[in-house]
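Undergrad: Below you will find the structure I want to go over with you.
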Amino acid sequence: MKVKTFLDYGLADTTPHPLGLEVESASGVWIYTTDGRKVFDAIGGIGVSNFGHSNPQITDLLHAQIDKNLHTMVYGEFISKSAVDAANLLSSILPKSLDSTYFTNSGAEAIEGALKLAKRATGRNKLIAFTGSYHGSTHGALSVSSNEERKTAFRPLLPGVEFLEWNCLDDLNKIDKNVAGVIVETIQGDAGVRIPSKDWLSKLREICSKTGAILIFDEVQCGMGRTGQNFGFEHFNVIPDVLCLGKALGGGVPIGAFVSSSKLMSLLRDNPKLGHITTFGGNPIATTGAVGALKLLGKVNFDNIEKRGANWESKLKSLPSVKEVRRIGLFFYVELETPDLVSETIMNGLENGVLMFWFLSVPNAFRLSPPLNMTEVESQLGINLILKSLPQ
Numbered sequence: 010m011k012v013k014t015f016l017d018y019g020l021a022d023t024t025p026h027p028l029g030l031e032v033e034s035a036s037g038v039w040i041y042t043t044d045g046r047k048v049f050d051a052i053g054g055i056g057v058s059n060f061g062h063s064n065p066q067i068t069d070l071l072h073a074q075i076d077k078n079l080h081t082m083v084y085g086e087f088i089s090k091s092a093v094d095a096a097n098l099l100s101s102i103l104p105k106s107l108d109s110t111y112f113t114n115s116g117a118e119a120i121e122g123a124l125k126l127a128k129r130a131t132g133r134n135k136l137i138a139f140t141g142s143y144h145g146s147t148h149g150a151l152s153v154s155s156n157e158e159r160k161t162a163f164r165p166l167l168p169g170v171e172f173l174e175w176n177c178l179d180d181l182n183k184i185d186k187n188v189a190g191v192i193v194e195t196i197q198g199d200a201g202v203r204i205p206s207k208d209w210l211s212k213l214r215e216i217c218s219k220t221g222a223i224l225i226f227d228e229v230q231c232g233m234g235r236t237g238q239n240f241g242f243e244h245f246n247v248i249p250d251v252l253c254l255g256k257a258l259g260g261g262v263p264i265g266a267f268v269s270s271s272k273l274m275s276l277l278r279d280n281p282k283l284g285h286i287t288t289f290g291g292n293p294i295a296t297t298g299a300v301g302a303l304k305l306l307g308k309v310n311f312d313n314i315e316k317r318g319a320n321w322e323s324k325l326k327s328l329p330s331v332k333e334v335r336r337i338g339l340f341f342y343v344e345l346e347t348p349d350l351v352s353e354t355i356m357n358g359l360e361n362g363v364l365m366f367w368f369l370s371v372p373n374a375f376r377l378s379p380p381l382n383m384t385e386v387e388s389q390l391g392i393n394l395i396l397k398s399l400p401q
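First residue of the sequence shown: 10, per my numbering; consecutive thereafter.
As structure tokens, this is what we get:
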């Protein structure tokens, strides 16, 4: 029997083997399918649903905003209260130097805007990225991403990009006064939840400050509470010049943002005018979702996140089939012996009622990023379903 792909539904495909769940609804930690199944969501839409599905503190705000207005004018021309509120909520939990927010349509567009800002601010054109990095699929974001297999078919990409060895102190000495910007995930996501040393990030900050290169932290995946702090960089006491956000920022509504100082951001308004423009960035629906998500972030109990994360980690490590677990907060890398075992585990999970997922670049491991606000009962249920699905 032929399994239907997205193309059979008149949609574009991204893979020849989609999971293909037909979703009826979703609430809290649960996804409900059209064939009557109930699935524990242990990946949260790849880090989007940090506060669960259909959280009423987000959806109530969205319903109210829909009754007011949808799109009225392109970003940067009219003032939207929801955009101002979201920006103020962000500023209230970020360092003082990150006081100006440009809302975009996605995390990838936030990366594009940040790269442009680095070039505009410095007048330089060289960019530094790192091995293992993943920053998105648009041309600029792909250019500073590391996975060559995913880039080859789309070359030529951006010129002037150099990759340094991630977490290697000596390689940082290659950053000089020809570099416009240095982009790094504070915690690498697609490479398998790789956590850098504090010394490495500190030296990176020091060298960027010395050379005048703009330091960009990509926290599209690891921001918004995922690592057990509001933002991943808080674990390292290092502040970027530009912070990129997305995924969980909208509480389930598509949005991204790059955040910097007012001084740097002012460069995008002139010489040339409209230095970065977007029709739907800062959309009132999207920024209303961000208001709800940021308010919920302020209520997160990080002690509970660490407690539940440590419990899951301990139980995963107890299985002989699990070769390694890397974790920070509720952000997990779980390594098995082979890619086939990973696929078997994920498919077992669907049968058992739990959703896990692959990494793009690490075939012998799977990812977990459950809702941050799951209850203790839900947490125990979720890990038990995962353990049941793993090879014993």
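Positions of the beta carbon are idealized from the N, C-alpha and C atoms, including for glycine. Source: prediction; values computed, not measured.
(1) How would you call S378, buried or exposed, if buried means at least 16 neighbouring beta carbons within 10 angstroms?
(2) Applying the 10 Å Cβ sphere with the 16-neighbour rule, what's the burial state of C217?
(3) Figure out for me which residue from S323, P348, T347 and P380 has the closest Cα to the Cα of L396.
(4) Under 7 Å Cβ to Cβ from S269, same chain only, skipping five residues before and after it: list those, please.
(5) Please state the DSSP three-state secondary structure of T347.
(6) For C177, name the three-state secondary structure that DSSP assigns.
(7) With distance defined between alpha-carbon atoms, name the residue in I55, L124, E344 and S327 nearest to E333.
(8) As a quick exercise: from V371, D312 and M356, pick the residue whose alpha carbon is nearest that of F341.
(9) Let me confirm a value: M79 is counted as buried when at least 16 other C-beta atoms fall within 10 Å, else exposed. Which label applies?
(10) Can you list, in chain order, the stretches of the alpha helix (DSSP H) that have 4 or more residues and sit fully within the stretch 115 to 146?
(11) How about T288 and A92: do their beta carbons lie closer than 8 Å?
(12) Could you name the residues of the same chain whose beta carbon sits closer than 7 Å to that of G291, not counting the 5 residues immediately before and after it, in chain order?
(13) Hey, G201 and I314 are a contact pair by Cβ (cut 8 Å); roughly how many whole angstroms apart?
(14) Does DSSP put E9 in a helix, a strand or coil?
(15) According to DSSP, simplified to helix, strand and coil, what is E86?
(16) Whole angstroms is fine: what's the gap from K183's alpha carbon to V57's?
(17) Just to confirm my understanding: we take I102, look at its own chain, exclude 5 residues before and 5 after, and list those with CB closer than 6 Å. What are they?
(18) Can you list, in chain order, the residues of its chain with a C-beta nearer than 8 Å to that of I55? Leave out the 5 residues immediately preceding and following it.
(19) For C177, count neighbouring C-beta atoms within 10 Å of its own C-beta (all shown protein chains included) and say buried if the count is 16 or more, exposed if not.
(20) Mind checking whether G265 and A96 have CB atoms under 8 Å apart?
(21) Report the residue from K207, E215 and F49 whose alpha carbon sits nearest the alpha carbon of G391.
(22) May I ask you to report which of helix, strand or coil DSSP gives H26?
(23) Check whether the stretch 154 to 162 touches the stretch 302 to 313, counting contact only when three or more Cβ pairs, one atom from each stretch, lie closer than 8 Å.
(24) So does I102 have its beta carbon nearer than 7 Å to some heavy atom of the ligand HEM?
(25) Within its chain, find whatever has a CB closer than 8 Å to the CB of S209; leave out the 5 residues flanking it on each side and keep chain order.
(26) How would you label N280, buried or exposed, when you count the other beta carbons within 10 angstroms and need 16 or more for buried?
(27) Which residues does DSSP list as the beta-bridge partners of F366?
(28) Look up A295 in the DSSP assignment and say whether it is helix, strand or coil.
(29) Please state the DSSP three-state secondary structure of K308.
(30) Out of W39, Q74, G261 and S327, point me to the one whose CA is closest to I294's CA.
(31) Grab me the residues of L273's own chain with a C-beta within less than 8 Å of its C-beta, minus the 5 sequence neighbours each way, in chain order.
TA: According to the structure data:
(1) buried
(2) buried
(3) S323
(4) L107, S109, L126, D250 and V251
(5) coil
(6) coil
(7) E344
(8) V371
(9) For clarity, residue 79 is Leu in the given sequence; the question names Met instead. Its Cβ having fewer than 16 others within 10 Å, L79 is exposed.
(10) 116 to 131
(11) no
(12) Y84, S89, A92 and F112
(13) Not confirmed; about 20 Å, so no contact.
(14) This structure does not reach residue 9, given that the chain is present from 10 up to 401, and the question cannot be answered.
(15) coil
(16) 35 Å
(17) N239
(18) Q230, K256, F366, R376 and S378
(19) exposed
(20) no
(21) F49
(22) coil
(23) no
(24) Among the ligands in the structure shown, none appear at all, so the ligand HEM cannot be discussed.
(25) It is worth fixing the name first, because residue 209 is Trp in this sequence and not Ser. Taken in chain order, the residues that qualify are N176, C177, L178 and L181.
(26) exposed
(27) R376
(28) helix
(29) coil
(30) Q74
(31) S109, L126, A130, I223, D250 and V251
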